[in-house]
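Undergrad: If you count by full-length UniProt numbering, then the sequence shown holds residues 1 to 92, one letter each, in order.
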Amino acid sequence: MAAEQLGELLSELRLRHQRSVDQLTSLFASAEGPSLLELAAKVIGPGIAAADWLTSSQIGLNGDVPAVIAIDPEGCEKVRTYLNQIEHGVYV
Numbered sequence: 001m002a003a004e005q006l007g008e009l010l011s012e013l014r015l016r017h018q019r020s021v022d023q024l025t026s027l028f029a030s031a032e033g034p035s036l037l038e039l040a041a042k043v044i045g046p047g048i049a050a051a052d053w054l055t056s057s058q059i060g061l062n063g064d065v066p067a068v069i070a071i072d073p074e075g076c077e078k079v080r081t082y083l084n085q086i087e088h089g090v091y092v
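1) At 4 residues or longer, what runs of the alpha helix (DSSP H) sit wholly inside the stretch 58-89?
2) If you draw a straight line from the C-alpha of I71 to the C-alpha of V65, how long is it?
3) With distance defined between alpha-carbon atoms, name the residue in G33, P34, E74, V21 nearest to L54.
4) Smallest Cα separation from V68: which of L36, R14, G7, A2?
5) Going straight from the alpha carbon of I44 to that of Q85, what length do you get?
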């Protein structure tokens, strides 16, 4: 692969990543405190670490994917509670 093609591919991947982060941010925005993405970034790690966590199956959520269950208010609260438990070292 030519250097120019590699540069274009990397540019496209960065753009896709930023769009995904922007979509997650808007999806999890909250008027009551930090968004789920902000909370995940604080607890799990910034950027892609938080996005990966939100889009991966989590054992503490019975194998559910946080981004999927957070679509409804009850699921969103479950994800927020789980992140708070992780942050404070409370595993139930």
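Glycine included, each C-beta is placed from N, C-alpha and C at the ideal position.
TA: So, to answer that:
1) 66-69, 73-87
2) 11 Å
3) V21
4) L36
5) 12 Å
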